[in-house]
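Number of protein chains: 2
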Amino acid sequence: MSQHFSIAEENYIKIIYHLQQTDDNVNTNEVAAALNTKAASVTDMLKKLKQKKILNYEKYQGFRLSEAGEKIALAIIRKHRLWEFFLVEKLQFGWDEVHEVAEELEHITSKKLIDRLDVFLGNPKFDPHGDPIPDSNGKLPHQPQINLIDLALNKLAEVSAVGSQSKELLDLLKHKKIRIGTQLEVNKKFAFDHSIEIKIVGQTSFNISQQLAQTLFVKPLNK
Amino acid sequence: MSQHFSIAEENYIKIIYHLQQTDDNVNTNEVAAALNTKAASVTDMLKKLKQKKILNYEKYQGFRLSEAGEKIALAIIRKHRLWEFFLVEKLQFGWDEVHEVAEELEHITSKKLIDRLDVFLGNPKFDPHGDPIPDSNGKLPHQPQINLIDLALNKLAEVSAVGSQSKELLDLLKHKKIRIGTQLEVNKKFAFDHSIEIKIVGQTSFNISQQLAQTLFVKPLNK
DNA sequence: TAAATATTTTAGATTTGTCTAAAATTATTT
DNA sequence: AAATAATTTTAGACAAATCTAAAATATTTA
Ligand SMILES: [Mn+2]
Ligand SMILES: [Mn+2]
Ligand SMILES: [Mn+2]
Ligand SMILES: [Mn+2]
């Protein structure tokens, strides 16, 4: 019934999905950069995906996934994020170590495996980076979150996601005792360097840089 | 440092390893049959593996893995069997369902992943089919086992492995309440059809066919 | 031991995914 | 609106893994 896709095709489908979330129309060079390949190779693949009805594409006009393409992308992302959750929760991997491995695991084809894994993990809704995990029908849980830099003063909020998965960020957050789920509020914003003073519930306040604040996402808590 | 092998190469290395356990020298057609491919394709791959010093091979003379080749094979088999154990113990897969999935999972490259998985699973020594799991240095646990058909009369023994992974065998064993670890002895052997009468500890005796007896392996228990 | 048969290897294609270099198209400047 | 620059596509090549058909070698049988 449903077509089979190679690992190469799946990697293209996934990256196009991610790019079209922010971009209206995805373009060749973006994909080439993201996949560490050349524009000519991308064009080759675009033709193939178009022919497989996975992609809406007219040459020189940019492109987006078709509905069918989005479904495939979401299935791959589901696998990626569930495996990341598994690695962190069950195998004690750090945040910054899981992405590469999940990049391979996401291509394992068994649907039964991934649905059983989901149950085994307790149907998690968010991966270790706070990114939403699509359910087995491809539906994404909605998380109303904003950038920490945009959080109103003295409003309690909970850290819900991070915008980077680097070891460096993880180091810093560990040291500051900030993790996903941490409750905090912003006491003051400084115009000089755009740093902000935050207070974690039950701790004394401290300053964080603009750069860090921009990398953190929070879910405002109602009172 | 250590070379990288493609999935195709790994599948050849693994099958050659298995074949050379029973065969003195492995030959082209055997490999072709086992991998569902053609003899010509096998020859192509043999040249490549020889050149990579993984295989001792002279044309028309048969072949065996080199020491380096065996190490690689054992690493793949370790992954395959640990994943099978995971699927059965943690995700409630049946015996007969795990092989295909493990065939894919065995090619995931992260050494850290597999060593952590090993710990997570409690360092199992045998997979769900009773096959030994190599440790992280490639050493195989030794299991002194014999075919049930060769077990002496009235000697207590424990089922340790099965020689097939089919749904059909699993069905039969479930019905007879035989699983790995089951303790039994042979009461009588019948010359007419080579069937044998066995008695599971705490149950009444019954007959099993020669074919089934030949598919079961047991570890004789001292006294 | 010579003929017949089976096995293995080579020769030449094919598919997939990639690349470089050049051509075509689109976008941006003057 | 040209000219210039950037992007995208095409043309042609290559490596990996596979295949079929034919040739080479080894094994078995008579
Ligand atoms: Mn990937
Ligand atoms: Mn993630
Ligand atoms: Mn495999
Ligand atoms: Mn097994």
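First to last, the protein sequences are chains W and S. Residue numbers for the first sequence follow the numbering used here, beginning at 38 and rising by one. Residue numbers for the second sequence follow the numbering used here, beginning at 38 and rising by one. The beta-carbon is built from N, C-alpha and C at its ideal position, and this holds for glycine as well. Keep in mind that this is a model prediction, so the values were computed, not measured.
Proximal residues of chain W, C-beta to C-beta of residue i below 8 Å
i, result
"S147(S)", "E137, V138 and E141"
"Q129(S)", "R153"
"L56(S)", "Those within 8 Å of L56(S) in chain W number zero; the least Cβ separation is about 26 Å."
Chain-ordered chain W contacts of residue i [CB-CB under 9 Å]
i, result
"F157(S)", "K127, L128 and Q129"
"L1(S)", "Nothing can be reported for residue 1(S), as the shown portion of chain S is limited to 38 through 260."
Length of the line joining the Cα atoms of residue i and residue j
i, j, result
"L188(S)", "W132(S)", "25 Å"
"L210(S)", "V199(S)", "10 Å"
"Q58(S)", "E107(S)", "11 Å"
"D230(W)", "L142(W)", "42 Å"
"S43(S)", "Y97(S)", "25 Å"
"P181(W)", "K192(W)", "15 Å"
"A349(W)", "Q240(W)", "Look at the range of chain W in this structure, 38 to 260, and you will see that residue 349(W) is not part of it."
"K148(W)", "F123(W)", "16 Å"
"N93(S)", "A110(S)", "14 Å"
"G175(W)", "K85(S)", "42 Å"
"V223(S)", "E234(S)", "6 Å"
"A71(S)", "L56(W)", "43 Å"
"G159(W)", "S78(W)", "40 Å"
"I53(W)", "T74(W)", "14 Å"
"K204(W)", "V125(W)", "14 Å"
"K213(W)", "T219(W)", "11 Å"
"P169(W)", "N48(W)", "19 Å"
"I90(S)", "L102(S)", "Rather than Ile, the amino acid found at residue 90(S) in this sequence is Lys. Those two C-alpha atoms are separated by around 9 Å."
"I215(W)", "L207(W)", "9 Å"
"V138(S)", "D152(W)", "13 Å"
"N244(S)", "I183(S)", "19 Å"
"F157(S)", "E134(W)", "17 Å"
"I237(S)", "H136(S)", "28 Å"
"Q247(W)", "L177(S)", "54 Å"
Coarse secondary structure for residue i, derived from DSSP in three states
i, result
"S197(S)", "strand"
"L128(S)", "coil"
"I50(W)", "helix"
"Q248(W)", "helix"
"Q88(W)", "helix"
"Q202(W)", "coil"
"N184(S)", "strand"
"N93(S)", "strand"
"F243(S)", "strand"
"Q57(S)", "helix"
"F42(S)", "coil"
Where the beta strand (DSSP E) through residue i begins and ends
i, result
"Y97(S)", "Taken as a continuous stretch (DSSP letters only), Y97(S) belongs to no beta strand (DSSP E), as it is neither H nor E."
"F227(S)", "It is not in any beta strand (DSSP E) - F227(S) carries neither H nor E in the DSSP assignment."
"V255(W)", "L253 to P257"
"I233(W)", "I233 to I237"
Beta-carbon neighbours of residue i, restricted to chain S and to distances below 8 Å
i, result
"L119(W)", "Those do not exist, as L119(W) stays about 12 Å from chain S at its closest Cβ, beyond 8 Å."
"L188(W)", "Neighbours of L188(W) on chain S: none; closest Cβ ~36 Å, over 8 Å."
Residue i: contacting residues in chain S (beta-carbon distance under 9 Å)
i, result
"L253(W)", "Those within 9 Å of L253(W) in chain S number zero; the least Cβ separation is about 28 Å."
Endpoints, alpha helix (DSSP H) assigned at residue i
i, result
"H179(S)", "Unbroken run through H179(S): none, as it is neither H nor E."
"I151(S)", "K148 to F157"
"V63(S)", "Here V63(S) belongs to no alpha helix (DSSP H), and DSSP marks it neither H nor E."
"E137(W)", "V135 to L142"
Beta-carbon neighbours of residue i, restricted to chain W and to distances below 7 Å
i, result
"L102(S)", "In chain order: nothing, as chain W lies at least about 25 Å away."
"L111(S)", "Under the 7 Å cutoff, chain W gives no residues; its nearest Cβ is about 21 Å from L111(S)."
Neighbouring residues, chain S, relative to residue i (Cβ below 7 Å)
i, result
"L249(W)", "What L249(W) touches in chain S: nothing, since even the nearest Cβ is about 28 Å away."
Residues from the region 188-210 of chain S in contact with chain W, defined by Cβ distance under 9 Å: none
Residues of the region 173-188 of chain S whose Cβ lies closer than 7 Å to any Cβ of chain W, in chain order: none
Chain W contacts made by the region 62-96 of chain S, where a contact means CB separation under 8 Å: none
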